[in-house]
Every structure is written in C-alpha cells, then in structure tokens.
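Q:
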Amino acid sequence: MQNENIILKNPLVTVFICLILGSIVYNSSFNLSYIILSIITFIIIFWFGGKKSTIIFFLFFLLIISSNHFYYSIPKVNDGRYIVRITNQSYGKFTGIYKGRKVIIQGSKLSFNIGSKYLISGDFTPSKEMDKGIVGIIYGGDYKQEKRDLISFIYDYKEGIYKKIESKLGKESAAMISAVSFGYVDGLTLEQKNDMKYWGLIHIISVSGFHMALIYKLLEKLFGYKVALITCAFYTLFTGASSATLRSFLMILILKIGEKIYKEYNPISSLSLSGILICLITPYSPLDLGFQLSYLATLGIILFNTPLNKKFYKYPKYLREAMAISISPQVLTYPIVGISIGYFSVNSLLTNLVLMPFFSVVVILGNLLLLTYWWNFCFDILVGVTGIINGLINLMLNFMEIISLPLMNIERELVYYYIICLGCYYFIKKGFNEFKYIPIVLLIPLSIYIYSPITKINISNGKDIRVSYKGDIWKYRVTNSKVSNISNTQYKNKSIIPLNSVGDSFYINNNIFNIRTNNKKVYRFSLIKNKEKYDIITLREDETIFILGDKVIRF
8 MQNENIILKN
18 PLVTVFICLI
28 LGSIVYNSSF
38 NLSYIILSII
48 TFIIIFWFGG
58 KKSTIIFFLF
68 FLLIISSNHF
78 YYSIPKVNDG
88 RYIVRITNQS
98 YGKFTGIYKG
108 RKVIIQGSKL
118 SFNIGSKYLI
128 SGDFTPSKEM
138 DKGIVGIIYG
148 GDYKQEKRDL
158 ISFIYDYKEG
168 IYKKIESKLG
178 KESAAMISAV
188 SFGYVDGLTL
198 EQKNDMKYWG
208 LIHIISVSGF
218 HMALIYKLLE
228 KLFGYKVALI
238 TCAFYTLFTG
248 ASSATLRSFL
258 MILILKIGEK
268 IYKEYNPISS
278 LSLSGILICL
288 ITPYSPLDLG
298 FQLSYLATLG
308 IILFNTPLNK
318 KFYKYPKYLR
328 EAMAISISPQ
338 VLTYPIVGIS
348 IGYFSVNSLL
358 TNLVLMPFFS
368 VVVILGNLLL
378 LTYWWNFCFD
388 ILVGVTGIIN
398 GLINLMLNFM
408 EIISLPLMNI
418 ERELVYYYII
428 CLGCYYFIKK
438 GFNEFKYIPI
448 VLLIPLSIYI
458 YSPITKINIS
468 NGKDIRVSYK
478 GDIWKYRVTN
488 SKVSNISNTQ
498 YKNKSIIPLN
508 SVGDSFYINN
518 NIFNIRTNNK
528 KVYRFSLIKN
538 KEKYDIITLR
548 EDETIFILGD
558 KVIRF
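Residue numbers (this note's numbering): 8 to 562.
1. Buried or exposed: G320, going by 16 or more other Cβ atoms within 10 Å of its Cβ?
2. Per DSSP, what kind of secondary structure is K436 in: helix, strand or coil?
3. Mind listing, in chain order, the continuous alpha helix (DSSP H) runs of no fewer than 4 residues lying wholly within the region 30 to 101?
4. Which residues in the same chain as N316 place their Cβ atom closer than 8 Å to its Cβ, once the five residues preceding and following it in sequence are excluded?
5. Cα separation between E166 and L278?
6. Of the residues I141, L117, F49 and I395, which one's Cα is nearest the Cα of G177?
7. D149 by DSSP, collapsed to three states: which one?
8. Can you look up G391 in the DSSP assignment and give me helix, strand or coil?
9. Can you check which of these residues, F553, L404 and P460, is closest to I466 by C-alpha distance?
10. Give a yes or no on whether the C-beta atoms belonging to A240 and F230 are separated by under 8 Å.
11. Check whether the region 372 to 382 and the region 342 to 351 are in contact - that is, three or more C-beta pairs closer than 8 Å.
12. At what residue ranges does the region 170 to 221 contain a whole run of the alpha helix (DSSP H), taking only runs of 4 or more?
13. Only counting the same chain, and skipping five residues up and downstream in sequence, which positions put a Cβ closer than 7 Å to that of F65?
14. Ignore the nearest five residues each way along the sequence and tell me which others in I400's own chain have a CB closer than 8 Å to its CB.
15. Compute every distance between the C-beta of Y432 and the non-hydrogen atoms of the ligand HEM, then say whether any falls below 7 Å.
16. Relative to the alpha-carbon of E227, which residue among L19, K263, G87 and T243 has its alpha-carbon at the smallest distance?
17. Buried or exposed, going by whether 16 or more other CB atoms sit within 10 Å of the CB of N383?
18. Would you call the region 132 to 142 in contact with the region 286 to 294, where contact means no fewer than 3 C-beta pairs closer than 8 Å?
19. Between A181 and Y164, is the Cβ-Cβ spacing less than 8 Å?
20. If we count the other Cβ atoms within 10 Å of its Cβ and call it buried at 16 or more, is Y325 buried or exposed?
21. How many angstroms separate the CA atom of M203 from the CA atom of I209?
22. Using the beta-carbon count (16 or more within 10 Å), is L372 buried or exposed?
23. What residues in its chain sit with their C-beta under 8 Å from that of A220, if we drop five residues either side in the sequence?
24. Taking 7 Å as the limit between beta carbons, can you name the residues of its chain near G148, skipping five residues before and five after?
25. Taking contact to mean at least 3 C-beta pairs separated by less than 8 Å, is the region 145 to 162 in contact with the region 100 to 112?
26. Beta carbon of L570, beta carbon of V338: below 8 Å?
27. Since V110 is in the alpha helix (DSSP H), which residue starts that stretch and which ends it?
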C-alpha cells in the first residue's frame, strides 16, 4: 500500500497504542465500546499499514491481554501461607507484593515494617482494583518476618535519613524535604498533601521526570554520562521505580544509546519504547493514573514546549522557558485530571513558575544528604541549608496565599469540550478553517448544561458518585458500605457543602438528596421531599441520573 509508510515510520508508537488498548479492553471486562474502538483502530492500521503490519500489531494487542490475564491469575495456595513484601500503609491497610502482584493485607492486629518481607498465614480473596493493579486481599492472622535483604535495607535507610532530618528540623520540614528529595512520603501529613494539591505541586512530592532529569544533568556535567546513567539506575530502584521515574530513566538511557549508535534521537519513539517496556513488566500500568499523567505530560512537553517558547518570545529567556515548561505538560494532562480527579489548580501556573528553582535546590541538597548520612559534620551543614531553602518556600507560599484562587471544579462535559477544541485546533493548523466554528457553536449548549438548575448524578463502577448542580460539583465514593467525601475543593477556611451523617443516611446540604448504604451490595440515592418521605433511586453500575422536580430521568 502507498500509505504503508505512515504506520511504519513510527512503529513503536503504534505498538504502544496497541498495548494500551489491549490493557483497557481486558480491564474493562471486554466492554463493547472499547472492543469497537479497538476494531476501528485496527481498520485504520490495516488501511495505512497493510496486512503484515496489522497482524504484527494485533499480536502485541493479544500479548498484553494475555499478560494481564496471567497477572490477575494467582495460583491457589493450599497451606494458606503467603510471603509478602510490605510496600505501603494507608488508613489501616497494608499494601504488599506477592509473587510480583499487588495485594492488600488486612487484619485486626497487624504491624509491619515497610519494605520488609513477611510470611503471613491467612486467607486470600480475589478482589481486583485494576486501576491500581490490586489482585486481591489477604486476611492475615499469624505472621513472621523473613530475612532482611537489599530492598529492606533501602527502606530502612530512607526512614533513617528522614528521622535524622526530623531531629534537626522538626517533623513537617523533614517530611517535606524527604518527599521532595527521594520520594519518602510516609512522614507527610494529610494537610501537607492537601496543601501540595492546592498549589498544584503534588508532582513534586513523588519522584518524577523532573527529579531524574535534574540529577542526571548534574551528574553528567561532573562525571560523564556513564557514571550518571549508573547512578540514575540505582536512584530509580532506591526511590521505588514509579512509572514516572522509570519512564524518565528509560528515555535518558535510550537517548544516550541512540546518540552513541545512531547519532540521532526521536523523542516520541523513545517515549513509546519506554512505555512498551513498562507495560510488558507491569501490564496494568495503562490504567494507573500516575502512568497516564507521566506520559501525557511528557508528550505535552515534546509537542508544545518549543511552540510555546516561540509564542513567548517577548519575555526574558528564563521567564519564557519557565512559562513554556509549566504550561506544555498541562495541555494534555488537563483532560485526565478533569475526568479522574475532578479539579484543577489554577495556582499551579504561578507556583511552578516561581518555586521550581528552589525545589531544584532542595532535590540536589536532599540527595546529598543520602551520601553524607554517616558524616555528621557535613550532614548537619547540608540539613541547615536545606532547611533554610524549605523555609523560604513556605514563606513564599504564605505570601502567595493572599492572591491564591480556590481549586476549580471541572465538569466532565467541559473536558470533552476541551478535547474537541484541541482537535479543531489541529485541523485549523492543517488548513481546514471551517473547524473554527465548531467550538463557538458548542459553547452555548455547554454553558446551559453545566449551569443548569437540574441536579445530575453520575455513577461509575457502582462506587464513584459525582453530583453536579448549577456549576458546583461534589464527589463521593462508596466502599464497604461507607460513603466518603472525596471532593478536593476544600482548603483551609474555603468550605464546600459538607457531607453529614445521620444514622445510615448521608445528606448533602440537608435539602437536595441523600445517599444511603446498606451492609451488602445495594446503595441508594434519595431525593428528599421532607425528612419522613422521599423517593428512592437505586444505584446501578454505570449511569447518569437527572432529577427534574419530582421526576427521575436515567441514562
């Protein structure tokens, strides 16, 4: 075919897309919509790539489906004994790795050291959380700690660094420095995490491409690329090898190999290759929010950083580059943030512009603390300087709070409109000027829909509840017969409509509707007419509900 070069020019991109599609199809339990999307994709591949290419790419599609099936299939254990490495603790639950798979460990009297291996006696129940790669729950009874290994030592070393910083600077400063420098987040309080969300700096407290690029550039200048690569490989393992860190390291590795062998570098192909490797190692990754944000942010930088830099040509070089690198990642991550998280921090544009140089210094000094842990004199000096920089960051945040804006709720329809605008922009740049009218035409019905006085309730996966009314949004999650408020629009004294518990009922604003739970499967919505009489709306797996007066309209 004459069009074959279009696909074969960047085959890694197509392979990556096929792996993502395969993971989505499997993890959606072969949802018909995603199957149709896959069929359309392979028709396009066939049209532009030919029969042979289609077969090869389809094999990758089947490979990732098989990999996901293998990942979520755990061999039965007859004696009820499981060797699990504990990786995280949150809200009384432990997360661990069992035979390369993520599991949750629950029990009444469990106390584990993070990073250590344990032989746990208990019962395993399959319970998939596919967006997190969780395969099930181990209800533990007796347990015994296994022999310590390198990974246990790494976890203990990070905790030791944190405690030593804490003894010098206090808990809050130690928690922030440890999180920013090497991804140790166990010391962070909920308030600190909410603060970072509010300021749009949540990516700073998890080791990401920003950290990896900064450390690599510094090491390459000082010691050359070989030492820099080896050190970054260890740093990736030391910090937990998250999707963002692994993606960044693989791209740097591919860049250097490409420069030495081929004397050229294709950033989109390198991004795709790193994604392919991660998908093959952890097949659930495409469903992971961190994976999605990391890859879309990097793609946004690749596609839009240079054009934005040129648009800001009137500004000084530092300001121009800082603005471009702050805005370009958000061009493509905005839709994911809007759909998955439901809010956007307008403050992030200012904080990233002003504070990133200071966080860069904290990252460098914080990682030097890892090397000087046993040299008290040097360690104390570095801790003092790092504490001063951290204090300056806090002072600037306190000052910026005067002009800060609350987190902005994002309607899903606004996200879809944004995606349509991106598509129209692409076609306009290609010369199809007719597309400029589409966003204008859609703006009127969109405004009416978002600011409508009709209450809308969206249910996803039978547990995620999203309520919108006159532009306001509230989000709730039903788990284990409990309703929890997961709205992210509250910050300090800027309140949202609260969720108040009354017996087994949960009322929003006392007058709109309530959410009821029972102790099994059924969750209910009720439009409150008065406190004694109300209509019950039974919750289904996935649907949208409109409440119009006394009528309930379902889709």
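Note that beta-carbon positions come from the ideal geometry of N, C-alpha and C, so glycine has one too.
A: In this structure, then:
1. Checking the sequence shown, residue 320 turns out to be Tyr, not Gly. Y320 is exposed by the Cβ-count criterion.
2. Under the three-state reduction of DSSP, K436 is assigned to helix.
3. 39 to 78
4. R327, E328 and A331
5. 33 Å
6. I395
7. strand
8. Collapsing the DSSP output to three states places G391 in a helix.
9. F553
10. no
11. no
12. Entirely contained in the region 170 to 221, the alpha helix (DSSP H) runs reaching 4 residues are, in chain order, 178 to 189 and 197 to 205.
13. F49
14. L362, F365, F366 and V369
15. The model depicted lacks the ligand HEM and carries no ligand whatsoever.
16. K263
17. exposed
18. yes
19. At a Cβ-Cβ threshold of 8 Å, A181 and Y164 do not count as neighbours.
20. exposed
21. 5 Å
22. buried
23. S255 and I259
24. G114, S128 and G129
25. yes
26. Residue numbering for the chain in the displayed model covers 8 to 562; residue 570 lies beyond these limits and cannot be assessed.
27. Boundaries around V110 are those of the beta strand (DSSP E), R108 to Q113, since no alpha helix (DSSP H) includes it.
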